[in-house]
Each structure stands twice: as structure tokens, then as C-alpha cells.
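Each remark here refers to the structure printed beneath this line.
Protein chains in written order, with the numbering used here: chain A, 209 to 561; chain B, 209 to 561.
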């Protein structure tokens, strides 16, 4: 008798478990994280930053882009995404007085993020790290730190840390502008409802099993979702999945889309969706296979899709939009006989310099 | 006798002609454009902007990204790329005092660029338009205007306006920091030398005739080139061509690259190239087909490539780097039996709102 032989791991078991944790993680951010985020936001607001710079890599860069929309629209402050190499490779020394520099990182461990945050602090910026590791070098080097409280993430594709980052950043910007973030309270239950509809996503996944390319598009608040969905699909399924803002798609890459190039559109229920409408019309006119994640009426007008619950403020919809798309990446990967937990060539903490 | 029957147009004739004009256009920017750019830069510098926002779509967005590197590294000012929909779709009203807003557009005609520039001016920003049309609505609505003097561009893929925008933006940032931009004087002759080597590019194009995907990568000053090359390849050849900063490639999409996914790396001769080195090593380790545009030694260490002239300051290399890549898009398109002058589904002036 022996219990030493390894049980063959079930492909995607870890990623599936972490996706399923998301309603609980969101609840934890609301219950345990929000008071501290509010306190930090009040301190930062009192210092009156005029410009906001946001930094991240990979999935956390997409969360940073979401925060850029919040800062520009809700807070009315100009914002930029950092080109990190200007500091870490070229040694640029910028005047960052009156700037808030927000660095988003799951691990808080990448040396370039630590170096660029240290440089920003020395250049006069108020620095804030948003990470899933309160003991990380990045949390250490930043003046302020927000813990996204997602618990250890073991699968290589980040899922629960992304939605936790989104919610933490939303609560931060709400705090900066003196709001209470109450609209977010409905998210955990809504997220659980979306996650329960796995069968719908599995049916959608059939369509991409043999796809050789994918185009994702959105506008406004939904654009970070399109980018994150493309990243998730690329790193798990290996299908080249290219994200475009709807406006940029019309400026060139539309030529790439035809009836063999499937398109996934993330359609916000609100102004972003309205701005995307002419793009959707053009895509339909070209006979594109169009799958929509968005309001029921938009799904009904597309080839197929996944309808999101109505009544959620547009700025909070990204927390829900990504859920069926994470699952889609998972299901397509399983259908192609690969393991979503362990894409080839990747390490969980990427050490870029 | 009749001369009314149409002569069949030669595919790509217009694009080829416009690419060939580039040395003359660069010379015109240096001779006729530079004095006015210098004068505008002096006026703007006297107003002491502390934060720079850059806006563009498609090819001009890639030129704007190049300017972002210049602003951060050479000028030492924080900078951001505008998310235009925050203004045009969401009506965000930002406090833009002490901000310089630079809007880059070939036609100067896209309504969203005009609207966002008008909003920026009303919000207190110093506004500058960089366009190829001095009579355009965008030039009209901006406080300052720089004409890139490229002459009418008729082919749908932008080529000569891109390099003219790069040079104009370089001279602008040089002016803002009190430099004379003298290093740019060598560019027209160097560009002519690069353009003369068409046979080398045609040989490289063989390799991609049947390619189903492409990955482009770079870091630092070369990253806008990687993005612009990807856009050019997508809009002419319709091959999905995905650009990644080298650091982002390691954070996920590397899984997509294997020995059937060709990679084109733009390797700056300088700090950007040094920072890219670990990425090139990883790609070689995975058996990727690696084509390099960069220094001779980097080309020699790759599967194939196109060597750029030595001795050019790193911040000016993008003006030369893009030339063989524009030509590559042209040659691959011809080899695939398509017409580079008129990609399907595109209009020259894209009216996004």
C-alpha cells in the first residue's frame, strides 16, 4: 500500500477555483478593505494632487487603465499611464510634485515597479501601491499601500486579483472625490449570479475552439475589459487576440476583420456603449461574427453573446464584464486540450527590470 | 482611337511613391518647418507647462507615444496619452491648467479630435495641433499649430506623414528644452540610404507570405515603432500582428510565441535595446523565428533582419526604424496578391465621434 503516487492534476482546477472565489473576495474588499481605502483616500485628497500617473504590467496594467477612466471622468483630473522604461532604462528624472503615482501589482515583487515607484517618490510624487501582498517590496517602498485582500493566487492567469484591484481602485477614486462607493455593495451577489451561468459560456466557447485569431473591441469603461480579455485569451489559449478601442478599429485594423475573423465586443450599458454603436454597425455590415458581452438587447442584435444584469452604474460594470470572459478563456483552453493553470513559458512573478 | 479606357492601376503604386518621398519630406521639415516649430516651442516653454497630454488615433497615436518618451526622458515632465472618450463620450471636465495638450492628426479633420481639443482649451490647457493640413478644423481650434509639411497623402496606409510627425515632435521637444535639434540634420540622407535597400526587404517579405500571425516587440524609444509596424501590417496584409513592449510580453503573451509564431523585434541601439536583451534571449530560447530591425550585431544574432546605420542618437532612431517595416508591409501585401493602396473597408479620413 502506498499513497505516494501523484494524482494527475485536473487541468484548470486551480484557475476555476480562483474564479469561483471572486464574489467572496469582492465582499472582503467591501467589508475589510473599504474603511482603510477611505482613510488613505482622505489623506491623499487633503494633499491635493493635480495629476495622476498609473503604473502596472499585464493584468494590473489593465486595472490601471480602468482607474485612468475613473480619474478622468469621476475625479476630473488628467491622468497618464507610465512608460516604465523611461525611468528604469533611461533614468529619466521628472518633476512629479503635485502628482499622485499609483502602482498596481498582484505580487508587488517586480523589480522595475519597485524601482520606478522609488524614483517617483524621490521626484516628489505621492506614491500609492495597490497589491495583493502587504509584505511586498512595492508596498514597502510606497508611501501608502492598499491591500486587495484576494488571498494567495496560484493559477498563472490572474483572475480574482484583477476584479479585486478594480474594486479597490473604484473605492479609492470614490474616496478621493468624497463619495461613499455605496453602489458597489451589490457587486458580490451580482458576480455570483454571473458566475453561476457557466453553461452559457461553455456553449460560446465551442465557437472558438478552432479559431486562429480574435479581435476584441469596446469603448470607454469597457475598453480595459477588452484588453484584459484579450490578454487572458492569449496567455491561456495562445490564439492571437487583439484588442482595439472601437475608434482605433475604424482607423485601420478594420481591414483585418471579415467573416472568418470573429469579434468579441464588450458593450457598456451607457455612454461607452452608445459611442461604440457605429462600430458595431460597421462590423455587422461586414458580416463579422460578433459576440457581445453587455446588455440583453445588444446580445440579441449580435450573433451570440452573454447578457449582463441591468441597472449597474457604468463605472462598475467592468467588475462583472470580465467574469464571463475569464471563463471563456478557461473553457476554450480546456476544449483545445491545454491546461489553463500552467500556460507554457510563464512564471507567476515576472521579474522585469 | 480612344484614350478614355482606364489604365489598370498598379497595386501599391501610390504607397510606394509616398514612401519614397520621405527623405525630401524630412528635409522640408528641417528647412521650412523647424524655424516655426522653434518659435512655437519658445512661446510654450515660457508658459511653463508641467504636464503633457498627447492625443492621436491610429498612426498619429503612435507618433504621440513617441513624443511621450521624448517628454518624459528629454524634458523631464510627466506625460499621458489621452483616453479621448472620457471627454467626447462621457463629457469629463478636467482641470487642465498647467497642462500642454498636443493633438496629432494627419488630416486634422476627425470630429472627436476637434471636440477634445476644444474641451482641453476651455479647461485651461495650452493646446497645440500637429497636422498635415494647416487649413483643418483641428488647426483652427488649437491655440498653436505645427504643419508637418508632408504634402497630400493619398494611399490609405499613412507613411510619410508618420515620419514627418515624428521629426516635427522631436524638434518641438528639442525646442521646449532649449536644444537646437542639430542631430536631426543627418536624417534625410540616412533615410534615403535605408530606402534604397528595397531588395533586402523583399527577401524578408518571403518569410511572411503565408504567416497567420505576427508578434512585434521592442522597448523604450523603439516601442512606438513596433506598434506602428503592427498597425501597418494589419491594415495592409490583414495578418493579425500584435505589438508588445518586451516587458509586457514576459507577463503573459509569451505563451503565444513558439516556433510557428514569427517575431519581429525593433532593437534600439542604446538603453532600450539593452533593456530588451533578456526578452530576445527568452525568445531565442523558445525557438522563435526572430527578425530584428536594429544594429548589425543584433541582426547577426537573429534569424534574419535589417541592419540600421550606426551612430544615430537613440531618440532619433524611430524615424529610420519604421522605413523597412513600412516597406515590409507593402511587399508582403503585394506577395499576397492584395493592393496596399486600398485596404478593404477603410476610408482615408476616419470620422470617429
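Heads up, the beta-carbon is just placed ideally off N, CA and C, and yes, glycines get one too.
The structure presented is a predicted model; accordingly, all values stated were derived computationally and were not measured.
By Cβ distance, which residues of its chain are closer than 6 Å to residue 472 of chain B, with the 5 residues on each side in sequence left out?
Counting from 1 along the second chain, the entry for residue 472 of chain B is found at position 264. The answer, listed in chain order, is 424 and 499.
What are the residues in the segment 238 to 263 of chain B lying within 8 Å of chain A by C-beta distance?
258, 259 and 261
Are residue 501 of chain A and residue 474 of chain A close, meaning C-beta to C-beta below 7 Å?
Indexing the first chain from 1 puts residue 501 of chain A at position 293. Indexing the first chain from 1 puts residue 474 of chain A at position 266. Yes, Cβ-Cβ distance for residue 501 of chain A and residue 474 of chain A is below 7 Å.
Do the segment 425 to 432 of chain A and the segment 270 to 288 of chain A touch if we need at least three Cβ pairs shorter than 8 Å?
yes
I want to know whether the segment 373 to 393 of chain B touches the segment 231 to 250 of chain B - three or more CB-CB distances under 8 Å.
yes
Interface residues of chain A facing residue 497 of chain B [CB-CB closer than 9 Å]:
In the second chain, the residue the question calls residue 497 of chain B occupies position 289. Correct list: empty, because the minimum Cβ distance to chain A is about 15 Å.
Going along chain B, which residues have a C-beta under 8 Å from residue 421 of chain A?
By one-based count along the first chain, residue 421 of chain A stands at place 213. Going along chain B in sequence order, the residues near residue 421 of chain A (Cβ under 8 Å) are 420, 421 and 448.
Could you check the C-alpha separation between residue 337 of chain B and residue 351 of chain B for me, to the nearest Å?
Here residue 337 of chain B corresponds to residue number 129 of the second chain, with the count starting at 1. Here residue 351 of chain B corresponds to residue number 143 of the second chain, with the count starting at 1. For residue 337 of chain B and residue 351 of chain B, the distance between alpha carbons rounds to 8 Å.
Note down, in chain order, all residues in the segment 293 to 304 of chain B with a beta-carbon under 7 Å from any beta-carbon belonging to chain A.
293, 294, 297, 298, 300, 301, 302, 303 and 304
Going along chain B, which residues have a C-beta under 9 Å from residue 434 of chain A?
As a working note, residue 434 of chain A is residue 226 in the first chain. The premise fails here: residue 434 of chain A is roughly 13 Å from chain B at the closest Cβ pair, so nothing lies under 9 Å.
Excluding five sequence neighbours on each side, which residues of the same chain lie with their C-beta closer than 7 Å to the C-beta of residue 449 of chain B?
The residue given as residue 449 of chain B occupies position 241 in the second chain. Same-chain partners within the cutoff: 422, 424, 438, 441 and 442.
Helix or strand or just coil, what does DSSP make of residue 338 of chain A?
Walking along the first chain from the start, residue 338 of chain A turns up at place 130. Three-state DSSP puts residue 338 of chain A in a strand.
Selection from A:396, A:505, A:251 and A:436 that minimises the alpha carbon distance to residue 386 of chain A:
Position 178 of the first chain, counting from 1, holds the residue named residue 386 of chain A. The shortest Cα separation from residue 386 of chain A among A:396, A:505, A:251 and A:436 belongs to A:251.
Residues from the segment 500 to 528 of chain A in contact with chain B, defined by Cβ distance under 7 Å
none
Whole-angstrom C-beta distance between residue 404 of chain A and residue 521 of chain A, which should lie under 8 Å
For this step, residue 521 of chain A is matched to residue 313 along the first chain. For this step, residue 404 of chain A is matched to residue 196 along the first chain. About 22 Å; that fails the 8 Å criterion.
If I'm right that residue 357 of chain A touches residue 372 of chain A with Cβ under 8 Å, what's the distance once you round it to whole angstroms?
Locating residue 357 of chain A in the first chain gives position 149, where the first residue counts as 1. Locating residue 372 of chain A in the first chain gives position 164, where the first residue counts as 1. With 8 Å as the limit, residue 357 of chain A and residue 372 of chain A qualify as a contact, their Cβ atoms being about 7 Å apart.
Consider the Cβ of residue 223 of chain A: report whether some Cβ of chain B lies at a distance smaller than 7 Å.
Position 15 of the first chain, counting from 1, holds the residue named residue 223 of chain A. Not closer than 7 Å to any Cβ of chain B, the Cβ of residue 223 of chain A fails to qualify, so no.
Could you name the residues that DSSP lists as bridge partners for residue 313 of chain A?
For the purposes of this step, residue 313 of chain A is taken as the residue at position 105 of the first chain. DSSP output for residue 313 of chain A lists A:339 as bridge partner(s).
Could you tell me which whole alpha helix (DSSP H) segments of length 4 or greater appear in the segment 319 to 382 of chain A?
319 to 330 and 345 to 349
Coarse secondary structure for residue 513 of chain B, derived from DSSP in three states
Counting from 1 along the second chain, the entry for residue 513 of chain B is found at position 305. Looking at residue 513 of chain B - three-state DSSP - the assignment turns out to be strand.
Stretch-stretch touch, CB-based, cutoff 8 Å, three pairs: the segment 293 to 310 of chain A with the segment 322 to 334 of chain A:
yes
State yes or no: is the beta carbon of residue 535 of chain B nearer than 7 Å to at least one beta carbon in chain D?
The structure shown contains no chain D; its protein chains are A and B.
Between the C-alpha atoms of residue 538 of chain B and residue 366 of chain B, what's the straight-line distance to the nearest angstrom?
Looking up residue 538 of chain B in the second chain gives position 330. Looking up residue 366 of chain B in the second chain gives position 158. Residue 538 of chain B and residue 366 of chain B: Cα-Cα distance of roughly 12 Å.
Please state the DSSP three-state secondary structure of residue 451 of chain B.
The sequence position of residue 451 of chain B within the second chain is 243, counting from 1. Residue state, collapsed to three classes: strand.
Counterpart residues of residue 473 of chain B in DSSP-defined beta bridges
Indexing the second chain from 1 puts residue 473 of chain B at position 265. B:425 and B:500.
Am I right that residue 265 of chain B and residue 434 of chain A are in contact with their C-beta atoms under 8 Å? What's the rounded C-beta distance?
Residue mapping note: residue 265 of chain B aligns to position 57 of the second chain, counting from 1. Residue mapping note: residue 434 of chain A aligns to position 226 of the first chain, counting from 1. Incorrect: roughly 17 Å between the Cβ atoms, too far for contact.
Backbone secondary structure at residue 308 of chain A - three-state DSSP
Here residue 308 of chain A refers to the residue found at position 100 of the first chain. It is a strand residue.
Min CB distance residue 415 of chain B to chain A below 7 Å
The count along the second chain starts at 1 and reaches residue 415 of chain B at position 207. Residue 415 of chain B does not count as touching chain A.
How is residue 260 of chain B classed by DSSP in three states: helix, strand or coil?
As a first step, residue 260 of chain B must be located in the second chain, where it is residue number 52. Residue state, collapsed to three classes: strand.
Hey, could you find the ends of the alpha helix (DSSP H) residue 462 of chain A is sitting in?
Locating residue 462 of chain A in the first chain gives position 254, where the first residue counts as 1. Residue 462 of chain A -> no alpha helix (DSSP H), and no H or E assigned at all.
Exposed or buried, what is residue 212 of chain B when buried is set at 16 or more other beta-carbons lying within 10 Å of its beta-carbon?
As a working mapping, residue 212 of chain B is identified with position 4 in the second chain. Since pLDDT at residue 212 of chain B reaches only 47, below the 50 mark, its modelled position is unreliable, and the value read off the structure follows with that caveat. Exposed.
Alpha carbon of residue 483 of chain B to alpha carbon of residue 297 of chain A, nearest angstrom
Taking the first residue of the second chain as position 1, residue 483 of chain B is located at position 275. Taking the first residue of the first chain as position 1, residue 297 of chain A is located at position 89. About 6 Å.
Take the Cβ of residue 210 of chain A as the centre, count every other Cβ of all protein chains shown within 10 Å, and call the residue buried at 16 or more, exposed below.
Numbered from 1 along the first chain, position 2 holds the residue referred to as residue 210 of chain A. Interpretation of residue 210 of chain A is limited by its pLDDT of 45, a score under 50 that renders its predicted location unreliable; the figure taken from the coordinates is listed afterwards. Classification of residue 210 of chain A: exposed, given that the 10 Å Cβ count is below 16.
Kindly say whether residue 317 of chain A, judged by its beta-carbon, lies nearer than 7 Å to any beta-carbon of chain B.
Position 109 of the first chain, counted from the start, is the residue given in the question as residue 317 of chain A. Judged by the 7 Å Cβ criterion, residue 317 of chain A is not in contact with chain B.
Quick check on the burial criterion: 16 or more other C-beta atoms within 10 angstroms. Buried or exposed for residue 529 of chain A?
To locate residue 529 of chain A, count along the first chain from 1; it is residue 321. Residue 529 of chain A is buried by the Cβ-count criterion.
DSSP on residue 392 of chain B, reduced to helix/strand/coil?
On the second chain, residue 392 of chain B is found 184 positions in, with the first residue counted as 1. Looking at residue 392 of chain B - three-state DSSP - the assignment turns out to be helix.
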